[in-house]
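**Q** Structure below; questions to follow.
Numbering (the numbering used here), first residue to last: 41 to 104.
Okay, structure coming up:
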């Protein structure tokens with residue numbers, strides 16, 4: 041029931057549905073270069089990504 045309520049609270053359901061699903065396992069298998077490229081595709085600033093550790097970069101991508 042909580043999932044249904046959470047889905048109803050999404051402000052822009054079309055935007056949510058259009059984003060591909062990201063799995064943590066898939067992201068952890070990627071190299072740093074691939075992760076940075078993916079983060080840039082999600083609109084994150086390349087300068088902000090450079091000093092990040094892998095786990096921080098993955099978390100930032102998942103939040104985007």
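Cβ atoms here follow ideal geometry from the backbone N, Cα and C, with glycine treated the same way.
Fair warning: this is a prediction, and the values are worked out from it, not measured in the lab.
Could you check whether residue 63 and residue 79 sit closer than 8 Å to each other, using their CB atoms as the reference points?
**A** No, the pair does not count as a contact, with Cβ atoms beyond the cut-off.
**Q** Indicate whether residue 75 and residue 94 have their beta-carbon atoms separated by less than 8 Å.
**A** Yes.
**Q** Please report the straight-line C-alpha distance between residue 87 and residue 66, rounded to a whole angstrom.
**A** Going by the C-alpha atoms only, they are around 24 Å apart.
**Q** For residue 98, which residues in the same chain have their Cβ closer than 8 Å to its Cβ, ignoring the five residues on either side in sequence?
**A** 64, 67, 68 and 75, listed in sequence order.
**Q** Within its chain, find whatever has a CB closer than 8 Å to the CB of residue 84; leave out the 5 residues flanking it on each side and keep chain order.
**A** Only 100, 101 and 104 meet the Cβ criterion.
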